[in-house]
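Just so you know, we're using the working numbering here: the sequence shown kicks off at 331 and counts up by one.
Glycine included, each C-beta is placed from N, C-alpha and C at the ideal position.
Source: prediction; values computed, not measured.
Contents: one structure, followed by commentary.
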Amino acid sequence: MDYLSLLKFAHVIAAVLWVGGGFTIILASTLLARRSPAEAQLAVVRATTLLAPRLFIPASVFTLASGVALLFLAGWGWQPFTTLGLAGVLFTSTFGATVLGPSCEAALKTADTRGAEAAIPALRRVRRLAVMDYAVQFAIVFLMVVKPGWQDIAIFAGLAAVIAVASLAALRPMPRLA
């Protein structure tokens, strides 16, 4: 096995841990939101805040670093899948650190000061933002697998539409509960 194959393997494992771990958190959060009390829902957020510095951030940094290394070492150059994938990873890493992480912390603070039930609107917001973020992550995975060329406009338009729909759904105003 050559070093490029080993680096690709490590890159894919890091991406699987990052994307798969986050998807599992979203799925658990969504299932608990329908069937469980606020305390159980907050347990997922507490677990997420524990996993972020131990799994999600290191996996995302390694995914980015190994991807950039492969960009040059494998001679892939600035193809659409590398350029858009890099942009997507930078977006989702920044979004996680500046929006999702602080939103989780704010939900936990609300629960600590005003009670678990008071944190439910913040938990819904975090879940919706995470879904939007994961639309970008799944688009990145799609790009890495399919490797479309710049001429594949329909593929890029489709990915943009999926991300736009997920973003609009996540950002739509929540109905006020009476």
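Pairing residue 385 with residue 347 gives a Cβ-Cβ distance under 8 Å.
Nearest Cα to residue 429 within the set 461, 483, 358 and 364: 461. Counting along the chain, residue 361 sits inside the alpha helix (DSSP H) bounded by residues 351 to 365.
For the pair residue 379 and residue 355, the CB atoms are not nearer than the 8 Å cut-off. Judged by their CB atoms, residue 374 and residue 467 are not nearer to each other than the 8 Å cut-off.
Taking each of 434, 342, 410 and 415 in turn and checking the Cα distance to residue 451, the smallest one comes out for 434. Per the C-alpha coordinates, the member of 472, 369, 332 and 420 positioned closest to residue 387 is 420. Secondary structure of residue 404 (DSSP, three-state): coil.
When rounded, the separation of the alpha-carbon atoms in residue 332 and residue 473 is 24 Å. Per DSSP, reduced to three states, the secondary structure at residue 446 is coil, with no helix or strand assignment. With the rule of 3 Cβ pairs closer than 8 Å, the region 393 to 412 counts as touching the region 469 to 489.
Here DSSP, grouped into helix, strand and coil, assigns residue 431 to helix. The alpha-carbon separation between residue 368 and residue 395 amounts to approximately 38 Å.
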